[in-house]
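Report on one structure; see the data block that follows.
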Amino acid sequence: MEKEKILAALRQVRDPQTGRDIVTAGMVQDLETEGDNINFKLVVPSLQMQGKAELNFACMGVIAEIYPTASVNVHFMARTPGSQETTSIVPHIKNIIAVASGKGGVGKSTVAVNLALGLQKLGARVGLMDADVYGPSIPTMLGLTHLRPKVKDVTGTMKMLPLEAYGLPVISIGNIIEPDQAVVLRGPRLAAIIKQFVNDVLWPELDFLVVDLPPGTGDVQLTLV
Numbered sequence: 197m198e199k200e201k202i203l204a205a206l207r208q209v210r211d212p213q214t215g216r217d218i219v220t221a222g223m224v225q226d227l228e229t230e231g232d233n234i235n236f237k238l239v240v241p242s243l244q245m246q247g248k249a250e251l252n253f254a255c256m257g258v259i260a261e262i263y264p265t266a267s268v269n270v271h272f273m274a275r276t277p278g279s280q281e282t283t284s285i286v287p288h289i290k291n292i293i294a295v296a297s298g299k300g301g302v303g304k305s306t307v308a309v310n311l312a313l314g315l316q317k318l319g320a321r322v323g324l325m326d327a328d329v330y331g332p333s334i335p336t337m338l339g340l341t342h343l344r345p346k347v348k349d350v351t352g353t354m355k356m357l358p359l360e361a362y363g364l365p366v367i368s369i370g371n372i373i374e375p376d377q378a379v380v381l382r383g384p385r386l387a388a389i390i391k392q393f394v395n396d397v398l399w400p401e402l403d404f405l406v407v408d409l410p411p412g413t414g415d416v417q418l419t420l421v
């Protein structure tokens, strides 16, 4: 099966919101063929958009006209917002979502973990950073308590490799210090750790980095801003 023929057929399908064909609109991604199977992603503004089922049937219909026996699998993926112009030194992280609260013990870390996993389930590439340096609970929640991140030399610069849980790259100070180790973190020292988590961790290409902040407003929040 020829990809060009498939794309030509898909050009007959129109985006219900813009009226453009879905190929020209950049909605068709990662088209793959294997035997009688045709797989591709269809990027839409929202997974709850109206007309999603009609789009699916339209794609399957035009492909069936040229390859009647093909098995067509359309994987819908929500479009992530484009990054704004920035001088960030982590351009491979498109969006950062900070999860904060005025006080502790209100389920902030639970929200951060579930938000990251939910975005991942929607097809986004997601990382999770535990910036709650005073009470890191994410290693416990994800079963990473006794693991330590490895270090890799990247063109002469040492980078930490994030741990992984449920397909999420994760970094936390809870995986760097011992559970019963007392650490005084304030001001410049705390700021340096947070910057290291952003800049010196070998994050993969991410659509979202979810950051679990400590309660209140203080050095961590100011450093991230």
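Residue numbers (my numbering): 197 to 421.
Cβ atoms here follow ideal geometry from the backbone N, Cα and C, with glycine treated the same way.
On a predicted model such as this, the values are computed, not experimentally measured, just so you know.
Put simply, of Val366, Gly231, Gly222, Ile218 the residue whose alpha carbon is nearest the alpha carbon of Gln208 is Ile218. The Cβ atoms of Val295 and Asp408 lie closer than 7 Å to each other. Taking C-alpha positions only, Asp232 is separated from Ala266 by approximately 5 Å. With fewer than 16 other Cβ atoms inside 10 Å of its own Cβ, Ala249 counts as exposed. For Leu238, the secondary structure class from DSSP, reduced to helix, strand or coil, is strand.
Runs of the beta strand (DSSP E) spanning 3 or more residues and lying entirely within the segment 261-343 occur at 267-274, 289-295, 322-326, in chain order. Rounded to whole angstroms, Ala361 and Gly339 show a C-alpha spacing of 8 Å.
Cβ neighbours of Asp403 within its own chain (closer than 6 Å, five residues either side excluded): Thr276, Lys290, Ala320, Arg321. Residue pairing of Ile367 in beta bridges, as defined by DSSP: Met325.
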